[in-house]
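Numbering (the working numbering), first residue to last: 2 to 364. Glycine included, every Cβ here is placed at the ideal spot set by N, Cα and C. None of the values given here were measured: they were computed from a predicted structure. In what follows, a single structure is set out as structure tokens and then discussed.
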């Protein structure tokens, strides 16, 4: 609660309230009864009325106190923040082919497959954690691919749903017929999702798209699909869409889970093949950048670097509204506080009624 600046000085009148109470409670201001002979009044029985004779004076004092406070114009301050953003539209494109099963990444010291590490770091990139600030003002979608490209989540501001319900549910393909690495098809699908956003975003939220970005992560080379990766990159460049490419996986050999002749699960090193030349060409064509992630730490640094390169411009306006508590009711700590003037007049009314009835003094 605050007070109106020029009127706040009226609160100094509250300093006289204790003096007024003291004067009202002096013996010489109390009404007495004249007796024809000396009587020790202390011997007379006390009643509830005599014990509470101070109540009307207290009500009058409270009313006077509230009237002084009302003159000082107490105010409840309400702030409303309106935020508008020129955000970045980001399409995450993640490889889920069988090669993502390699256990050459770690989380909390435990070896995990590549897709598990990517899900975690990408989730942190979206929602923010550690060195990653999060992309709260951005529109983000998800495309995954193996032998085919799939749009797992349309462009959305609901990042919790995207991470919890969609991204964390992405699995590595298990069917041989679905396996492969359709990089070109995945880029083309992401470009299609990004190409018609501007009018929809303006009509839905009033915000605008500052830039459109694809973050492509793969651990292999293009082995499936109908569209050549470079052709898809040319389309993205023509539509002013930037593609950042990430090659995931260790150099040389990587441990893959296999089952031996006795049915036991073991790790066997297999050669890693990443078409870095193609990934570099895609990034260069679209004005992006190619990164190589050989472990979880380097993957986090890559997403942090992209996070810095693609910043969202957020404009925040704060609107302040003051409610005069003397004449309007307000909510404080979940309770409704009525207008203070009404409370003051209620105290005065109670004082008048009590002095005219129960606490009436006969002349």
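Per DSSP, the bridge partner or partners of residue i
| i | result |
| --- | --- |
| residue 265 | BP columns for residue 265 are empty, so no partner. |
| residue 333 | 336 |
| residue 111 | 108 |
| residue 292 | 247 |
| residue 146 | 96, 150 |
| residue 255 | 271 |
| residue 101 | Partner(s): none; residue 101 has no beta bridge. |
| residue 381 | Since the first residue shown for the chain is 2 and the last is 364, residue 381 is missing from the structure and cannot be characterised. |
| residue 212 | 89 |
| residue 141 | 91, 157 |
| residue 218 | 95, 247 |
| residue 133 | 130 |
| residue 224 | None, per the DSSP bridge assignment. |
| residue 260 | 266 |
| residue 117 | Note: residue 117 sits in no beta bridge, so no partner. |
| residue 1 | Here the chain covers residues 2 to 364 and nothing more, so residue 1 does not appear. |
Cβ-Cβ separation, residue j to residue i (assumed contact under 8 Å), whole Å
| i | j | result |
| --- | --- | --- |
| residue 122 | residue 281 | Contact flag wrong, Cβ pair sits at about 21 Å. |
| residue 311 | residue 214 | 6 Å |
| residue 134 | residue 256 | About 33 Å separates the two Cβ atoms, so there is no contact after all. |
| residue 347 | residue 68 | Not a contact, Cβ separation roughly 12 Å. |
| residue 77 | residue 324 | 5 Å |
| residue 97 | residue 147 | 5 Å |
| residue 50 | residue 8 | That belief does not hold up - the Cβ atoms of residue 50 and residue 8 are roughly 40 Å apart, past 8 Å. |
| residue 124 | residue 164 | 4 Å |
| residue 417 | residue 267 | Lying before the first or after the last residue shown, residue 417 is absent from the chain, which here runs from 2 to 364. |
| residue 154 | residue 342 | The pair is not a contact, with the Cβ atoms about 55 Å apart (cut-off 8 Å). |
| residue 101 | residue 114 | 6 Å |
| residue 273 | residue 289 | The Cβ separation is near 23 Å, so there is no contact. |
| residue 188 | residue 233 | 4 Å |
| residue 216 | residue 337 | About 50 Å; that fails the 8 Å criterion. |
| residue 57 | residue 349 | At roughly 10 Å, the Cβ-Cβ gap does not stay under 8 Å, so residue 57 and residue 349 are not in contact. |
| residue 190 | residue 150 | 5 Å |
| residue 62 | residue 22 | 6 Å |
| residue 242 | residue 287 | 6 Å |
Classification of residue i by the beta-carbon crowding that lies within 10 angstroms, buried from 16 upward
| i | result |
| --- | --- |
| residue 309 | exposed |
| residue 169 | exposed |
| residue 223 | buried |
| residue 186 | buried |
| residue 292 | buried |
| residue 192 | buried |
| residue 248 | buried |
| residue 304 | buried |
| residue 65 | buried |
| residue 176 | exposed |
| residue 161 | exposed |
| residue 361 | exposed |
| residue 110 | exposed |
| residue 353 | exposed |
| residue 328 | exposed |
| residue 220 | buried |
| residue 333 | exposed |
| residue 339 | exposed |
| residue 17 | exposed |
| residue 93 | buried |
| residue 254 | exposed |
| residue 306 | exposed |
| residue 95 | buried |
| residue 15 | exposed |
| residue 136 | buried |
Start and end residues, alpha helix (DSSP H) containing residue i
| i | result |
| --- | --- |
| residue 299 | 297 to 310 |
| residue 192 | 184 to 195 |
| residue 158 | From DSSP, residue 158 is part of no alpha helix (DSSP H); its letter is neither H nor E. |
| residue 14 | Neither: residue 14 is in no alpha helix (DSSP H) and is coded neither H nor E. |
| residue 429 | No answer is possible for residue 429: the residues shown for the chain start at 2 and end at 364. |
| residue 53 | That residue, residue 53, is in no alpha helix (DSSP H); it is neither H nor E in DSSP. |
| residue 235 | 230 to 239 |
| residue 282 | 277 to 287 |
First through last residue of the beta strand (DSSP E) which encompasses residue i
| i | result |
| --- | --- |
| residue 9 | Segment: none, residue 9 is in no beta strand (DSSP E) and carries neither H nor E. |
| residue 247 | 242 to 249 |
beta-carbon residue i near the ligand ADP non-hydrogen atom, thresh 7 Å
| i | result |
| --- | --- |
| residue 6 | Absence of the ligand ADP is noted for the structure shown, with no ligands found whatsoever. |
Below-8 Å beta-carbon distance, residue i vs any chain D residue
| i | result |
| --- | --- |
| residue 324 | Absence of chain D from the displayed structure is noted, only one protein chain being present. |
Report yes or no: do three or more beta-carbon pairs, one from the region 177 to 186 and one from the region 134 to 142, lie closer than 8 Å? no
Using 8 Å as the cut-off, can you tell me whether the region 263 to 282 makes contact with the region 235 to 242, which would need three or more C-beta pairs spanning the two stretches below that distance? no
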